[in-house]
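A short write-up of the structure that comes next.
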Amino acid sequence: MSSRFSDDLYVGARTFVPVAISIAAYGVVWGVLARGAGLSLLEVILMSGLVFAGSAQFVALDLWTVTPSSLPIGPLIVAALIINLRYVLLTATLRPLFGPGQQLRGALTMFMVSDETWALTVGEMSKGSRGTVGFLVGAGIVAYGVWMATTVAGHVLGSVIDDPTKYGLDFAFTATFLALLLGMWKGKADLVPWLVGALVAIISAKLIPGSWYILIGGIVGSLAGAILDRVRHVD
Amino acid sequence: MWTSTEALIAILGMALVTFMVKAGGLLLANRLPSHGFAASWLKHIPGAVLASLVAPALVTGSAAEVIAAAATTLVYFVTRNLFAAMAAGVLVVYLARLVFAG
Chain W
0 MSSRFSDDLY VGARTFVPVA ISIAAYGVVW GVLARGAGLS LLEVILMSGL
50 VFAGSAQFVA LDLWTVTPSS LPIGPLIVAA LIINLRYVLL TATLRPLFGP
100 GQQLRGALTM FMVSDETWAL TVGEMSKGSR GTVGFLVGAG IVAYGVWMAT
150 TVAGHVLGSV IDDPTKYGLD FAFTATFLAL LLGMWKGKAD LVPWLVGALV
200 AIISAKLIPG SWYILIGGIV GSLAGAILDR VRHVD
Chain R
0 MWTSTEALIA ILGMALVTFM VKAGGLLLAN RLPSHGFAAS WLKHIPGAVL
50 ASLVAPALVT GSAAEVIAAA ATTLVYFVTR NLFAAMAAGV LVVYLARLVF
100 AG
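If you read the protein sequences in the order shown, they are chains W and R.
According to numbering that gives the first Met the number 0, the stretch in the first sequence is residues 0 to 234, in order.
According to numbering that gives the first Met the number 0, the stretch in the second sequence is residues 0 to 101, in order.
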């Protein structure tokens, strides 16, 4: 492990701390709901620690049953797969972080990726040299630690904890991603993919239940941007 | 109650498919050409995905959320600081909800 890596690790962790507030708010809410859905403390630790994907974990609570014999194992796994399909798009964009001989290392590192750590890292990648594997892992360690700690706290303390959404903390997610998006603006070439992505996502969200809108808006918007790039180069 | 075999299988299955999707995106991208249309497409994914994440929440949100989004945008452009922008958004949504509820 080079000293450059550990420097980047530290920068990533430090930069991620404010974003972690959004994860903490959702973590507490999920922990409280998980207790209500009948998950044991061990199950909370296992799910947060091994699945480590907030939106899939929220949907799992809708399907969870207290009686093990009636637990819908197949639907739980399929739901996790469908909800997390958007990660194909997210981790694809992290390709520049890894060299040709680092496929295995890259694949293993992807465990740490969440919406928030991905967004912060690609934001840094588009701005300059701070977006590195070390940065991603540093941010990921904070995200993982906060998610574990707050989901467990939510389960243990239950409704003793005040609902964080009461203090507007649910908006931390939207505000964070909005600010990250604004920071990614590089010029007019971004206008079309962003607008197309946003419009397609809005329409998809109205028509299709679940989180498909992220995947559909992301694919259509980015394709629109790539097509426009091609048209412009031809002219 | 600690856990059950069924719960353990479900959690391990969820973990496996989640990791496969996350690792799969990177491994698939490595097979794409590093220039031309594919590279251009990959370059536009982050903005398009973030726009897709944020837009429906703002359109379906209440007036409080829209005002808070405007505050987030304003503070971000003035300070260029992620934390300041997020904190402004949370504070404004909290206050706006109090105003609209009362």
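From the three backbone atoms N, C-alpha and C, an ideal C-beta is built for every residue, glycine too.
>> So Val58 of chain W and Gly37 of chain W are supposed to be a Cβ contact under 8 Å. How far apart are they, rounded?
In response: With a Cβ gap of about 16 Å, Val58 of chain W and Gly37 of chain W do not count as contacting.
> Since His154 of chain W and Gly53 of chain W are thought to touch, with beta carbons under 8 Å apart, how far apart are those beta carbons, to the nearest angstrom?
Replying inline: Actually they do not touch by this definition, with Cβ atoms about 15 Å apart.
> Does the beta carbon of Ala69 of chain R sit closer than 8 Å to a beta carbon anywhere in chain W?
Replying inline: no
>> Would you call the region 86-96 of chain R in contact with the region 167-182 of chain W, where contact means no fewer than 3 C-beta pairs closer than 8 Å?
In response: yes
> Since Phe18 of chain R meets chain W, which of its residues come closer than 8 Å, beta carbon to beta carbon?
Replying inline: Met109 and Phe110
> In whole angstroms, what separates the C-alpha of Asp189 of chain W from that of Trp1 of chain R?
Replying inline: 50 Å
> Which bits of chain R does Phe170 of chain W rub up against, with CB to CB less than 7 Å?
Replying inline: Glu64, Ala67, Gly88, Val89 and Val92
> Just how far apart, CA to CA, sit Val233 of chain W and Leu222 of chain W?
Replying inline: No answer about Val233 of chain W holds up, because its pLDDT of 49 lies below 50 and its placement is not dependable.
>> Looking only at its chain, what residues have a beta carbon closer than 7 Å to the beta carbon of Asn83 of chain W, apart from the 5 residues adjacent to it on each side?
In response: Ala52 and Ala55
>> With three or more C-beta pairs closer than 8 Å as the rule, is the region 107-119 of chain W touching the region 11-24 of chain W?
In response: yes
>> With a threshold of 8 Å, are at least 3 pairs of Cβ atoms found where one atom belongs to the region 20-29 of chain R and the other to the region 137-157 of chain W?
In response: no
> What does Phe99 of chain R reach in chain W if we use C-beta pairs closer than 7 Å?
Replying inline: In chain order: nothing, as chain W lies at least about 12 Å away.
> How big is the Cα-Cα spacing for Gly209 of chain W and Gly46 of chain R?
Replying inline: 21 Å
>> Below 8 Å on the Cβ atoms is my contact criterion, and I expect Ala197 of chain W with Ala50 of chain R to pass it. Report the Cβ-Cβ distance as a whole number of Å.
In response: 4 Å
>> Just to confirm the assignment, what range does the alpha helix (DSSP H) spanning Ala178 of chain W have?
In response: Phe170 to Gly182
>> Taking only three categories from DSSP, how would you classify Val233 of chain W?
In response: In this prediction, Val233 of chain W scores a pLDDT of 49, lower than 50, which makes its location untrustworthy; the coordinate-derived value is nonetheless stated afterwards. If DSSP states are grouped into helix, strand and coil, Val233 of chain W belongs with the helices.
>> When you compare the CB positions of Arg129 of chain W and Val10 of chain W, do they come within less than 8 Å of one another, or not?
In response: yes
> Closest by CA to Leu25 of chain R, which one among W:Glu123, W:Pro74, W:Ala204 and W:Pro95?
Replying inline: W:Pro95
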